[in-house]
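Each number in my numbering corresponds to the 1-based position in the sequence shown with 399 added.
Note that beta-carbon positions come from the ideal geometry of N, C-alpha and C, so glycine has one too.
Have a look at the structure below, then the notes.
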Amino acid sequence: MAGFDVKTAFSVAGKVIIVTGGGTGIGKVYSQRLAEGGARVVLADIAAEPAGKVAEDCTRAGLEVVSFPTDVSSPESVEAMVAQTIAKWGRIDGLINNASLMSVLPRGSWLKIPVEEWDRVMAVNLKGIFLCCRAVHPHMKAQGGGRIVNISSSRIWGGNPNRLHYTTSKAGVVGLTRALAREVGDDNIGVNAITPGFTESETQVASSSSNYVAFKGDGRTFKRAQVPDDLVGAVMFLLSDASGFMTGQTLNVDGGQAMH
Ligand SMILES: NC(=O)c1ccc[n+]([C@@H]2O[C@H](COP(=O)([O-])OP(=O)(O)OC[C@H]3O[C@@H](n4cnc5c(N)ncnc54)[C@H](O)[C@@H]3O)[C@@H](O)[C@H]2O)c1
């Protein structure tokens with residue numbers, strides 16, 4: 400049937416994709432899998448050392464991955480990363496806004512959150528997405544389109560307590576996704592979000608005991624721990640041509656905990 404090439408529709412091969420926070424945790428797994436799928440991947444992470452190591456290891460394995468250390472909350476840093484990407488590969492097909500302050504945040508009462516910590520969470524988790532979208536937009540528009548995937552959290556469906564700033568920022572990601580999708584639709588740029596459930600990323604598991612509480616299976620339909628690879632399929636789908644007519648949507652990937 401004309402119009403849909405099933406052999407390439409789900410592929411990310413050849414696409415240039417920026418993964419913010421791509422040097423550790425779940426972002427590292429997105430980056431590795433995308434590169435294994437033939438994408439050219441930019442790791443835009445503030446953690447320069449682990450990101451550089453991931454890029455080196457991938458390059459040694461014959462994959463196309465570079466690390467451009469980036470603070471997503473800084474307009475200058477984000478613009479520099481996008482300029483480096485264009486200088487390297489000349490285009491930007493996809494952006495995964497995955498960088499976030501999460502595993503470093505203590506869990507606790509909303510009354511104990513320092514105001515400076517609230518502001519920093521908003522600066523990274525929300526302003527960072529605004530800045531990255533704004534920086535890639537002219538390039539995606541000029542090349543006739545692109546795909547943006549924003550990482551929210553399934554916490555927003557449950558209203559989970561004890562990280563009020565984090566949950567608030569992740570709810571903001573869905574609002575941003577919907578409104579931005581409408582603003583860039585005429586540029587053929589798709590903007591969608593994913594809400595991952597509690598995921599045993601390496602950073603999550605390694606974080607201090609006050610930050611990490613092991614999952615006990617409560618309320619989940621598939622009663623096992625969620626791992627980063629459980630999210631890869633949804634991310635790749637939203638970056639691929641197969642999801643080309645989807646925009647402004649939020650996919651929940653949490654093993655059937657919230658029935659969104
Ligand atoms: N692990 C979970 O249970 C879970 C659940 C729902 C949503 N999420 C979301 O998935 C994403 C990845 O989760 P994770 O477990 O790997 O989180 P994480 O906190 O371990 O990793 C976040 C990444 O963002 C990077 N980062 C932090 N500040 C940055 C900045 N200013 N500029 C650039 N990079 C920065 C970190 O270096 C790290 O690589 C995050 O958006 C998180 O909120 C995670």
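Would you call the CB atoms of Gly527 and Thr423 closer than 8 Å? No.
Secondary structure of Pro595, DSSP reduced to three states: Pro595 falls in the strand class under three-state DSSP.
CA-to-CA distance, Ala460 to Ala486, given in whole angstroms: Taking the straight line from one Cα to the other gives about 23 Å.
Can you tell me whether Leu638 is helix, strand or coil according to DSSP? Note: Leu638 maps to helix in three-state DSSP.
Hey, Val411 and Ala438 are a contact pair by Cβ (cut 8 Å); roughly how many whole angstroms apart? Contact between Val411 and Ala438 holds, since their C-beta atoms are separated by about 4 Å, short of 8 Å.
Decide if His358 is buried, meaning its Cβ has at least 16 other Cβ atoms within 10 Å, or exposed. Because the chain is modelled from 400 through 659, residue 358 falls outside the range shown and cannot be assessed.
Less than 8 Å between the beta carbons of Val523 and Leu494, yes or no? No, they are not a contact pair.
At a cut-off of 7 Å, is Leu500 close to ligand 1 when judged by its beta-carbon and the heavy atoms of the ligand? For ligand 1, at least one heavy atom lies less than 7 Å from the Cβ of Leu500.
Any 3 or more C-beta pairs closer than 8 Å across the region 529-536 and the region 551-569: Flag = no, the region 529-536 and the region 551-569 do not touch.
Would a C-beta distance cut-off of 8 Å place Gln656 and Ser553 closer than the cut-off? The criterion of a C-beta distance shorter than 8 Å is satisfied by Gln656 and Ser553.
For Phe597, which residues in the same chain have their Cβ closer than 7 Å to its Cβ, ignoring the five residues on either side in sequence? Result list for Phe597: Phe614, Gln625, in chain order.
When the distance is taken between beta carbons, is Val464 closer than 8 Å to Leu442? Yes, Cβ-Cβ distance for Leu442 and Val464 is below 8 Å.
Check for me: the alpha helix (DSSP H) holding Ile485 runs from which residue to which? Taken as a continuous stretch (DSSP letters only), the alpha helix (DSSP H) holding Ile485 covers 474-488.
If you drop the 5 nearest sequence neighbours on each side, which residues of the same chain put their C-beta closer than 8 Å to that of Lys406? Residues of the same chain with their beta carbon placed closer than 8 Å to that of Lys406 are lacking, with the five preceding and five following residues left out of the count.
Can the beta-carbon of Asn591 be found less than 8 Å from the beta-carbon of Leu530? Inclusion of Asn591 and Leu530 in the CB contact set at 8 Å is not warranted, their separation being larger than that value.
So for Ile550, helix, strand or coil by DSSP? In the displayed model, Ile550 falls within a strand according to three-state DSSP.
Going by the CB atoms, is the gap between Ser568 and Val514 shorter than 8 Å? Taking 8 Å as the cut-off, the Cβ atoms of Val514 and Ser568 do not count as close.
Do Leu525 and Val572 have their C-beta atoms closer together than 8 Å? Yes. Within cutoff.
So Asn496 packs on Ile555, CB below 8 Å; how close in whole Å? 15 Å between Cβ atoms; not a contact.
Less than 7 Å separating the Cβ of Asp444 from some heavy atom of ligand 1? Within the cutoff, so yes.
Just list the residues that DSSP pairs Gly589 with in beta bridges. Bridge partners of Gly589: Arg546.
If you draw a straight line from the alpha carbon of Val415 to that of Thr602, how long is it in whole angstroms? Roughly 26 Å separates the two Cα atoms.
With which residues is Gly451 paired in a DSSP beta bridge? None, per the DSSP bridge assignment.
Please state if the CB of Asp586 and the CB of Met539 are separated by a distance shorter than 8 Å. For the 8 Å CB-CB criterion, Met539 and Asp586 form a contact.
Residue of Arg619, Gly543, His564, Leu579 minimising C-alpha distance to Asp518: Nearest to Asp518 by alpha-carbon distance, out of Arg619, Gly543, His564, Leu579, is His564.
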